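Novice:
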Amino acid sequence: MRRQLLLTMKLLEVVQQIYHPLHIFWESRRTNHFLSGVLVSVFVLCMGVALANYLGWLPEGGLLGRLHFLQAVEISFTLLLFFEMVSLVFVIPQSIANSIGKQIEILSLVLLRSSFKEFSHYQFQLPLQSQLESVYKMVSDGVGALLVFLLLSVYYGVQRHRAITEEGDRQEFVVLKQFIALLVLGTLLVLAGHDLWHVLRSGVWVQSVDRFYLMLIFADLLLMLVAFRYTLHYPDIFRYSAFVLVTVFIRFSLLAPAYYNALLSLFSVLFAIAVVYFHTLFIDGRLAYINKNQPPAK
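8 is the number of the first residue of the sequence shown in my numbering; add one for each residue after it.
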C-alpha cells in the first residue's frame with residue numbers, strides 16, 4: 008500500500024514538472040506574438056502561392072497548384088483553430104465548466120471556418136443566382152456562429168464555480184486533471200501530424216476536428232470518473248455527466264450537414280446553459296431546504 012502511494016506521488020510530481028512549464032510557455036506573451044507571426048506568415052505565403060497559380064507560374068494538379076486566393080483564408084482559419092484546440096488543453100485542469108465553455112468557443116470558430124470554406128468555393132465569374140445554395144450555407148454557418156457567440160456570454164454569465172473536493176484533496180484532483188490534459192495534448196498532436204502527412208501524401212486536406220471532439224468525449228468521461236473519487240453528491244454527478252453529453256452534441260453538430268449543423272450547435276449551447284442554470288438552482292434550493300429545516304441552536 009505504501010509502495011503504491013509512493014508511485015502515485017511520483018507520478019503526480021512528474022505530471023506537474025511537465026505540465027507547468029508547458030502551460031507557462033503557451034500562455035506567455037512571447038508565444039502569443041510568435042503564433043500571431045505564424046498566422047500572418049502562413050496567410051501571406053498562401054496568398055503568394057495563389058498569386059503564382061493565377062499567373063501560371065506553378066504546374067497544375069500539384070499540392071500548391073490547386074491553391075487559390077480564397078483558400079488562403081480557410082487555411083489561416085484552420086491553423087487558428089488548431090491553436091485554440093491547444094489552448095483548450097490548458098483550460099481542462101481549471102474546471103469542466105470552463106472546458107465546456109472553451110469547446111463552445113472552438114465550435115463558433117468551426118462554424119465561421121465552414122462559412123469561409125464555402126466562400127472559398129465561390130466563383131465570382133458566375134452569376135449569383137446559380138450559387139444561391141452556397142450563399143445560403145455561408146449565411147447559415149455565419150449566423151449560427153454569431154448566435155453561439157451570443158449564447159456563450161449567457162453561459163459564462165450563469166456560471167457559479169464551486170469546489171467539489173475537500174481542501175486536502177484539491178491539489179491531487181488538479182494534478183490528475185493535468186495528467187488528462189497532457190493525454191489530450193498528445194492525442195491532438197498525433198491527429199495534427201496525421202492530417203499533415205495525409206495532405207502531403209494525397210494533396211487532400213482532411214481535418215480532424217470531429218475526431219478531436221470524439222477524443223474529448225472520452226477525456227470528459229475520464230474526468231467524470233476521476234471526479235467520483237472525490238464526490239458522490241448527486242448534483243455534481245449529474246452535472247459532470249450532462250457536460251459529457253454536451254460534448255457529444257457538439258460532435259454531432261460537426262458531423263451534421265449544412266443548416267442542421269448550426270441548429271445542433273445552438274441546441275448544444277442551450278443545453279449547456281440549462282445544465283449550469285439548473286445545477287445552480289438545485290444547489291440553492293437544497294441549501295435553502297437544509298437551512299429551513301435545520302434545528303435551532305441551543
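Every residue, glycine too, gets a C-beta built ideally from N, C-alpha and C. This one's a predicted model, so the numbers in the text were calculated from it and none came from an experiment.
Sorted by chain position, which residues of the same chain lie with C-beta nearer than 8 Å to Arg218's C-beta, five sequence neighbours on each side aside?
Specialist: Start at 1 with the first residue of the sequence shown, and residue 218 comes out as number 211. Counting only Cβ-Cβ distances below 8 Å, and skipping sequence neighbours, we find Leu198.
Novice: Taking the CB atoms as reference points, tell me whether Gln178 and Tyr26 lie closer together than 7 Å.
Specialist: Counting from one through the sequence shown, the residue named residue 178 turns up at place 171. Counting from one through the sequence shown, the residue named residue 26 turns up at place 19. The criterion of a C-beta distance shorter than 7 Å is not satisfied by Gln178 and Tyr26.
Novice: Counting Cβ pairs, one atom from each stretch, are 3 or more of them under 8 Å apart for the segment 245-265 and the segment 81-100?
Specialist: no
Novice: Considering just the uninterrupted stretch of the alpha helix (DSSP H) at Gln78, what are its terminal residues?
Specialist: The residue you call residue 78 lines up with position 71 of the sequence shown. That run of the alpha helix (DSSP H) goes 76-96.
Novice: Label Gly108 either buried or exposed according to how many other C-beta atoms from any shown protein chain fall within 10 Å of its C-beta, with 16 as the threshold for buried.
Specialist: As a working mapping, residue 108 is identified with position 101 in the sequence shown. Under this definition Gly108 is a buried residue.
Novice: Between the segment 40-58 and the segment 112-128, are three or more C-beta pairs nearer than 8 Å?
Specialist: no
Novice: Can you check which of these residues, Ala79, Ser215, Arg246, Leu262, is closest to Leu230 by C-alpha distance?
Specialist: If you number the sequence shown from 1, residue 230 lands on position 223. When only C-alpha atoms are compared, the closest one is Arg246.
Novice: Where does His27 sit, in a helix, a strand or coil, going by DSSP?
Specialist: Within the sequence shown, numbered from 1, the residue matching residue 27 stands at position 20. Helix at His27.
Novice: Which value, in whole angstroms, describes the spacing of the CA atoms of Ser272 and Leu114?
Specialist: Here residue 272 refers to the residue found at position 265 of the sequence shown. Here residue 114 refers to the residue found at position 107 of the sequence shown. As the crow flies, the alpha-carbon of Ser272 is around 7 Å from that of Leu114.
Novice: Figure out for me which residue from Val283, Val21, Ala269, Leu18 has the closest Cα to the Cα of Val155.
Specialist: As a position in the sequence shown, residue 155 is number 148, starting the count at 1. Among Val283, Val21, Ala269, Leu18, the Cα nearest to that of Val155 belongs to Ala269.
Novice: From Thr287 to Ala279, what distance separates their C-alpha atoms?
Specialist: Numbered from its first residue, the sequence shown carries residue 287 at position 280. Numbered from its first residue, the sequence shown carries residue 279 at position 272. Each residue's Cα considered, the two are about 13 Å apart.
Novice: For Pro28, does the count of other Cβ atoms within 10 angstroms reach 16, so buried, or fall short, so exposed?
Specialist: Mapped onto the sequence shown, residue 28 falls at position 21. Classification of Pro28: exposed, given that the 10 Å Cβ count is below 16.
Novice: Could you check whether Ala188 and Ile99 sit closer than 7 Å to each other, using their CB atoms as the reference points?
Specialist: Taking the first residue of the sequence shown as 1, we reach residue 99 at position 92. Taking the first residue of the sequence shown as 1, we reach residue 188 at position 181. Contact flag set, yes.
Novice: State the CB to CB distance for the pair Phe89 and His30, rounded to an integer number of angstroms; the pair is presumed to be in contact (CB under 8 Å).
Specialist: Position 82 of the sequence shown, counted from the first residue, corresponds to residue 89. Position 23 of the sequence shown, counted from the first residue, corresponds to residue 30. Incorrect: roughly 18 Å between the Cβ atoms, too far for contact.
Novice: Our contact map puts Ala226 next to Val191 with C-beta atoms below 8 Å; I'd like the distance itself, whole angstroms only.
Specialist: Position 219 of the sequence shown, counting from 1, holds the residue named residue 226. Position 184 of the sequence shown, counting from 1, holds the residue named residue 191. With a Cβ gap of about 5 Å, Ala226 and Val191 count as contacting.
Novice: Would you mind working out which of Val283, Phe274, Asn300 sits nearest Gly3, comparing C-alpha positions?
Specialist: Limits of the chain in this structure are 8 at one end and 305 at the other, which puts residue 3 out of reach.
Novice: Any heavy atom of the ligand SAH inside 6 Å of the beta-carbon of Phe278?
Specialist: Of ligands this structure carries none, so the ligand SAH is not represented either.
Novice: Cα-Cα, which of Gly55, Phe84, Leu157, Leu86 is closest to Leu74?
Specialist: In the sequence shown, residue 74 corresponds to position 67, counting from 1. Proximity to Leu74 across Gly55, Phe84, Leu157, Leu86 peaks at Gly55, based on C-alpha coordinates.
Novice: Tell me which residue opens and which closes the alpha helix (DSSP H) that Ile99 is part of.
Specialist: Looking up residue 99 in the sequence shown gives position 92. Segment: none, Ile99 is in no alpha helix (DSSP H) and carries neither H nor E.
Novice: Identify, in the order they occur along the chain, each residue of the same chain with its Cβ nearer than 8 Å to the Cβ of Ser215, setting aside the five sequence neighbours on each side.
Specialist: Start at 1 with the first residue of the sequence shown, and residue 215 comes out as number 208. Excluding residues within five positions, the ones whose Cβ falls inside 8 Å are Leu198, Ala199, His201, Asp202.
Novice: Mapping the DSSP letters down to three states, classify Tyr162 as helix, strand or coil.
Specialist: Against the sequence shown, residue 162 aligns to sequence position 155. The answer is helix: DSSP assigns Tyr162 an H, G or I state.
Novice: Comparing C-alpha positions only, which one of His40, Leu158, Lys17, Leu71 sits nearest to Leu307?
Specialist: A query on residue 307 cannot be resolved here, the shown segment of the chain reaching from 8 to 305 and no further.
Novice: Excluding the 5 residues flanking Phe32 on each side, which residues of the same chain have their C-beta closer than 7 Å to its C-beta?
Specialist: On the sequence shown, residue 32 is found 25 positions in, with the first residue counted as 1. In its chain, beyond the 5 residues on either side, Thr38 have a beta carbon closer than 7 Å to the beta carbon of Phe32.
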